[in-house]
Each structure stands twice: as C-alpha cells, then as structure tokens.
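*Asks:*
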Amino acid sequence: MINYHLVALFTVAAIGLAFSSYGQPRPQTLGSLWPKVESTYSGLKVKSSAIEAAVYNAQAVKQTVFHK
C-alpha cells in the first residue's frame, strides 16, 4: 500500500523547492558588478588613458635622448 502521507510530503517539498529558487535574485558581488562599472564609468577610462599617455611620453623622451 502506498503511504499517501509520504507522497504528499514529497510532492509539497518538490513544489516548494521549485518555487523558492525560481524567482530569487542572485546576490550582487563586486565580481559580478565590476565589468558593468568598468565599461560605463568614464572616470576609469580617463585615468587609464592618462596613464597610457604618460607611458608613451616616457618612451618618446627615452628615444629622443638616446638618438642625440
């Protein structure tokens, strides 16, 4: 004979697990947010371009000093 209480318990548990995890938002962590911030925040692009310009300037100064 089938134990109807166990069948009902497992059915309710399966439905409960399915609905409890369905609509849950994922927690926002720095690792998941950083690519979005990096691509849209203009201050980071300005800073990285300033660093890149300083590196190119230093390379240009070294080349002109050694070629004289």
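Using my numbering, read the sequence shown as starting at 11 and increasing by one per residue.
Glycine included, every Cβ here is placed at the ideal spot set by N, Cα and C.
#1: May I ask you to report which of helix, strand or coil DSSP gives residue 13?
#2: Where do the N-terminal and C-terminal ends of the alpha helix (DSSP H) with residue 45 fall, by residue?
#3: Return yes when the Cβ of residue 65 is within less than 9 angstroms of the Cβ of residue 54, no when it is not.
*Replies:* If we stick to the structure as given:
#1: Looking at residue 13 - three-state DSSP - the assignment turns out to be coil, as it is neither helix nor strand.
#2: Counting along the chain, the alpha helix (DSSP H) containing residue 45 begins and ends at 40 to 50.
#3: no
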